[in-house]
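Structure first, then comments.
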Amino acid sequence: MDSLNPEHPPLIMTPADHAPRVWKFFGTALWGLLIFVAMFVGQVGAILLLAALRGLPIDMASIQSVGREPAALALSVIMGLPATLAAVWLAIRIKKASFVDYLALHWPSWKQLLFGVVGLILVVLAWETMSRSLGREATPGFMTDLLQSGRDKGAAILLLFAFSVAAPMSEEVLARGFLYRGWSASFLRVPGAIILSSLVWTVVHLQYDMYFLAEVFTIGLWFGYMRHRANSLWLTIVLHALNNMTAVVLTMWLGS
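Here you go:
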């Protein structure tokens with residue numbers, strides 16, 4: 392037997408062989424910042440390109456002017472996706488880890504999907520009820536204006552794709568994908584990773600007031616829980632997409 396043959400000693404697995412190739416707390420935080428910067432550069436780059444194609448000066452006034460247009464804003468959100476994916480791929484590649492496994496890009500079961508959808512509906516309905524009781528809008532006013540303006544200017548489909556596909560994928564890959572994966576393997580463990588990644592995701596939405604930020608945070612907690620429960624980033628991407636698509640459709644076509 393090989394185990395008794397000195398020329399063929401048995402293979403001994405050291406603890407290092409089993410160590411997951413994962414960025415831990417500080418590595419994940421630093422790379423998370425770089426990924427966010429990449430997303431931002433991709434989004435602003437789209438606006439700058441549009442301004443340049445129109446012969447406008449490349450300055451803050453042009454960026455603000457072009458960026459207020461519904462179609463331009465949609466294109467900006469869409470262009471943030473490839474930039475985000477490229478930065479995440481690089482971070483994972485450096486660790487020589489599997490992109491699919493690192494981000495848990497596994498399809499959930501139908502039961503997990505149904506459970507996630509039901510929970511999301513309950514969270515959203517709770518906030519909807521609270522908003523009505525407080526006499527608040529269920530959707531931020533500026534988003535209502537943007538979406539309805541985009542509908543009137545023929546940018547409805549582009550906006551729908553941007554907010555229902557590109558944005559959920561970019562944000563979930565960053566928050567529940569990369570950040571959660573690294574932080575859950577650190578001293579934060581799963582509960583801390585869910586909370587901190589939800590906080591980061593909330594910060595990405597600073598265009599909202601504190602009330603809507605609180606709603607974003609609670610939805611993020613649900614997404615984080617489902618990411619852990621199902622071990623599937625595709626699940627949170629689908630939930631995020633359904634949430635955004637419902638809001639966009641209701642706002643653009645039903646004025647709600």
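In this note's numbering, the protein residues as written are 392 to 647. We treat Cβ as the ideally placed atom computed from N, Cα and C, and that holds for glycine.
Report the residue ranges of all alpha helix (DSSP H) runs contained in full by the segment 524 to 575; include only those spanning at least 4 residues, in chain order.
The qualifying runs are 532 to 543, 547 to 552, 558 to 563 and 571 to 575.
Applying the 10 Å Cβ sphere with the 16-neighbour rule, what's the burial state of Asn635?
Its Cβ being crowded by 16 or more others within 10 Å, Asn635 is buried.
Just the C-alpha distance for Pro559 and Gly568, rounded to the nearest angstrom, thanks.
Straight-line Cα distance between these residues: approximately 12 Å.
For Trp480, does the three-state DSSP call read helix, strand or coil?
DSSP places Trp480 in helix when its eight states are reduced to three.
Give the DSSP-derived three-state secondary structure of Ala488 in the structure shown.
Residue state, collapsed to three classes: coil.
How many Å lie between Ile490 and Val515 at the Cα?
In the sequence on display, residue 490 carries Phe and not Ile. Cα to Cα, the separation comes out at about 32 Å.
Quick check on DSSP: helix, strand or coil for Gln598?
In the structure shown, Gln598 sits in coil (DSSP, three-state: anything other than H, G, I, E or B).
Count the C-beta pairs between the segment 547 to 567 and the segment 459 to 475 that are closer than 8 Å, then say yes if the count reaches three, no if not.
As far as the Cβ criterion goes, the segment 547 to 567 touches the segment 459 to 475, which means the pair count is three or higher.
Quick one: is Gln455 buried, meaning 16 or more other Cβ sit within 10 Å of its Cβ, or exposed?
Exposed is the call here.
Using CA atoms only, rank isn't needed, just tell me which of His631, Leu511 and Gly423 is closest to Ala477.
Ranking the options by Cα distance to Ala477, first place goes to Gly423.
How is Asn634 classed by DSSP in three states: helix, strand or coil?
Here Asn634 sits in helix by DSSP.
Quick check on the DSSP output: the alpha helix (DSSP H) that includes Phe416 runs from which residue to which?
Per DSSP, Phe416 belongs to the alpha helix (DSSP H) from Phe416 to Leu444.
Suppose you measure from the CA of Gln598 to the CA of Leu504; what does that come to, to the nearest Å?
Those two C-alpha atoms are separated by around 30 Å.
Determine the direct distance from the alpha carbon of Val432 to that of Met617, and round the result to whole angstroms.
Taking the straight line joining both Cα atoms gives about 30 Å.
Go ahead and pull the three-state DSSP assignment for Trp498.
If DSSP states are grouped into helix, strand and coil, Trp498 belongs with coil.
Going along the chain, which residues of its own chain have a beta-carbon closer than 7 Å to the beta-carbon of Trp480, five neighbours each way excluded?
Counting only Cβ-Cβ distances below 7 Å, and skipping sequence neighbours, we find Phe490.
Taking the alpha-carbon of Gly611 as reference, which of Phe578, Val413 and Thr627 has the nearest alpha-carbon?
Nearest C-alpha to Gly611: Thr627.
Flag this pair as yes or no: are the beta carbons of Leu511 and Leu425 separated by less than 9 Å?
Result no, Cβ atoms of Leu511 and Leu425 do not sit closer than 9 Å.
Looking only at C-alpha atoms, which of Val556, Glu528 and Met430 sits nearest to Glu606?
It is Glu528 whose Cα lies nearest to the Cα of Glu606.
For Ile403, which of helix, strand or coil comes out of DSSP?
In this predicted model, Ile403 has a pLDDT of only 41, less than 50, meaning its place in the structure is not dependable enough to derive any value.
Which residues in the same chain have their Cβ closer than 8 Å to the Cβ of Gln434, if we skip the five residues on either side of it in sequence?
Same-chain partners within the cutoff: Ser467, Val468, Met470, Gly471 and Ala474.
Give me the Cβ distance between Leu551 and Val639, rounded to the nearest whole Å; I'm assuming they're in contact under 8 Å.
Sure, about 6 Å apart at Cβ, within 8 Å.
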